[in-house]
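First the structure, in the form of structure tokens, and then the observations on it.
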Amino acid sequence: MERSDQMFKVRAAELRKILVELGPAYIKIAQAVSSRPDLIQPSYLDELSLLQDRITPFSTEVALDTIEKELGLQIDELFSEISPEPVAAASLGQVYQARLRRSGQVVAVKVQRPGVQAAISLDILILRFLAGVVKKAGKFNTDLQEMDYRKEADNGLKFRRLYGGIKDVFVPNINMEHTTRRVLVMEWVEGQKLSEVKDLYLVEVGVYCSFNQLLENGFYHADPHPGNLFRTYDGKLAYIDFGMMGEFKQEFREGFIEACLHLVNRDFDALSKDFVTLGLLPPTAEKEAVTKALTGVFQDAVAKGVQNISFGDLLGNLGTTMYKFKFQIPSYFSLVIRSLAVLEGIAISSDPNYKVLGSTYPWIAKKVLTDSSPQLKSSLQALLYKDGAFRIDRLESLLTESLRARTEKAFVKIQREEANSRMVFKEILSFTLTEKGSFVREILIEEFAKGLDALGLATLDSLTSAATTRIPFTGSSVSFMSKEDMINLRTFHRLMFLLAGLESNKKSFEEVNGVGNPNNNQSAYLEESSLLSYQPALVSEILAMLSIIPELPPELQQQLLRLPADLARRLISRASARTIQRIFL
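Residue 239 in the working numbering sits at position 239 of the sequence shown; the count goes up by one each step and never skips.
In structure tokens form, the structure reads like this:
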């Protein structure tokens, strides 16, 4: 065994040397996988991680000469002090620590490696040729943005503006006055690489920041390898190196969100359509065959629950399917997946069970429930209704997941524990009363109206049945309830349990009474009686929850007071429609 391990170490070292000789583009690929202990053999992982630290630096004399030529000033005019050797050397440049003479600020001075533009241009051309995806010359320069530090500086400023205000995220400021095509000066960051410290809280912060990058603003860090993510000494997540950024268009962002929703809810038919929208499948692909294949690939992985889905599970059997149906991997998509995969890899080094998709999905659920986008509203409507029937289990799942969308340190430590019912009710109620929750509020009010209407009919049925049993020779009573009313009554009770946070009680109630079980042979009357008999316990729990209302902000209390009138209007409308229907039909 020891001999085998030694052989792997030798081969891994040889691979690292080859990658260094091949050039910067190959090093970038290696850096992308250097944070995945779940995918790469440990010996190779150790050597690949050294690519971030053992790049041979070029001469400091050359670096200082480049600074003077680019900025047009002598070194001692620019800096009161500068490190004699680079503090970091990368494939594209190297960094010095310095102190600005004018302001006294400590800064990082990044100097481009001589001849790197020609070298990486050739590397990229070779890689594209090997992959069979050579682009037109007119689009080639977009991949060389990392060669112009002015573009990187603009990226850094934009990244700071969009994400620098996120709690516990630090984005260093760029000194534009001293930045040129080959020299970049930015605020110095003190800290350790995130991959070298076990800080799951900052990984969660990174997941939230990535969510904002990818699905809120569409401007994201496309090179988040372990060397570009730091934990500052005051406990913040710092992003550095903004040479490679990506743009995620609105239609792709919404398509990605829809794909995640359909994956988690095992709607593989809709997922196959999402893949066409995202550009992963050609429009000519056979949808039924694709749906069947995706079901086979993802069914087992998704069955574990959203919090346990890993990239490894999803990608495990996808290779054959991708080849069979001629999957395409757009450049934007590979960068998005890489960004999330690197974060998961860093987290796995601290917690082998960590799943980045499980941490991202709560933010996706919250966005779907609150976003004003017509496309996402339409997706939510389609997700919650099938053939006119309300699928409350999906709303439960979305609401439950959305409540996990937070990054507070205390919450991260107990995120796997269930919140108490009072907190659940308060958060759901507060959400539905806000402007962002208006779309979900409309759905809930409509379903409550249906449920209360069905409850009234069930009560009438119960009273009629009781009366006929006491009066001789009256025969059996006729039920006022239709099959749809029974479904609405079950949905109503599940809504009440959901708002009261009575998940465990709901399960025991349904197990005992067989409610909602399609294989249960009890009569509709018995099921109806079960629902009614359980009502007192439910009402007492709901009344206890109502004590939360005074704790709500005044504007939400006002919104709550308007709901009964709206609900009453809908009930009257339903009763009137039913009366007219029974008279004339």
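Beta carbons: idealized from backbone N, C-alpha and C, even for Gly.
The structure presented is a predicted model; accordingly, all values stated were derived computationally and were not measured.
If you measure between the beta carbons of residue i and residue j, is that distance less than 9 Å?
| i | j | result |
| --- | --- | --- |
| residue 181 | residue 148 | yes |
| residue 159 | residue 208 | no |
| residue 214 | residue 336 | yes |
| residue 586 | residue 546 | With the chain running from 1 to 585 in the structure shown, residue 586 is simply not present. |
| residue 210 | residue 349 | no |
| residue 622 | residue 88 | Past the boundaries of the shown model lies residue 622; the chain is included only from 1 to 585, so the question cannot be answered. |
| residue 401 | residue 365 | yes |
| residue 428 | residue 399 | yes |
| residue 68 | residue 74 | yes |
| residue 450 | residue 497 | no |
| residue 97 | residue 83 | yes |
| residue 563 | residue 445 | yes |
| residue 426 | residue 580 | no |
| residue 204 | residue 376 | no |
| residue 78 | residue 92 | no |
| residue 186 | residue 156 | yes |
| residue 383 | residue 261 | yes |
| residue 236 | residue 202 | yes |
| residue 307 | residue 355 | yes |
| residue 314 | residue 303 | no |
| residue 571 | residue 452 | yes |
| residue 170 | residue 189 | yes |
| residue 212 | residue 162 | yes |
Round the Cβ separation of residue i and residue j to the nearest angstrom and send it over; I've been treating them as touching at under 8 Å.
| i | j | result |
| --- | --- | --- |
| residue 243 | residue 152 | 5 Å |
| residue 495 | residue 448 | 7 Å |
| residue 112 | residue 57 | The Cβ separation is near 13 Å, so there is no contact. |
| residue 468 | residue 392 | Contact doesn't hold; Cβ gap of about 33 Å is too wide. |
| residue 255 | residue 332 | Incorrect: roughly 11 Å between the Cβ atoms, too far for contact. |
| residue 454 | residue 489 | 4 Å |
| residue 193 | residue 229 | 7 Å |
| residue 292 | residue 370 | That pair is no contact at about 34 Å. |
| residue 460 | residue 480 | 5 Å |
Among all the DSSP beta bridges, which residues are the ones paired with residue i?
| i | result |
| --- | --- |
| residue 88 | 95 |
| residue 232 | 191 |
| residue 111 | 94 and 183 |
| residue 219 | 247 |
| residue 390 | 385 |
| residue 169 | 237 |
| residue 100 | 79 |
| residue 174 | 186 |
Under a Cβ-count criterion, where at least 16 other Cβ atoms within 10 Å of its own Cβ denotes burial, should residue i be classed as buried or exposed?
| i | result |
| --- | --- |
| residue 275 | buried |
| residue 569 | exposed |
| residue 353 | exposed |
| residue 85 | exposed |
| residue 268 | buried |
| residue 326 | exposed |
| residue 323 | exposed |
| residue 173 | exposed |
| residue 387 | exposed |
| residue 220 | buried |
| residue 575 | exposed |
| residue 367 | buried |
| residue 486 | buried |
| residue 351 | exposed |
| residue 102 | exposed |
| residue 320 | exposed |
| residue 251 | exposed |
| residue 565 | exposed |
| residue 584 | exposed |
| residue 362 | buried |
| residue 72 | exposed |
| residue 344 | buried |
| residue 179 | buried |
| residue 168 | buried |
Taking CB distances under 9 Å as the criterion, tell me whether residue i reaches chain D.
| i | result |
| --- | --- |
| residue 456 | The displayed structure is made up of one protein chain only, and chain D is not part of it. |
Of all the alpha helix (DSSP H) runs that stay within the bounds of the segment 348 to 385, which reach a length of 4 or more residues?
356 to 370 and 374 to 384
Those runs of the beta strand (DSSP E) which lie wholly inside the segment 264 to 318 and span at least 3 residues:
none
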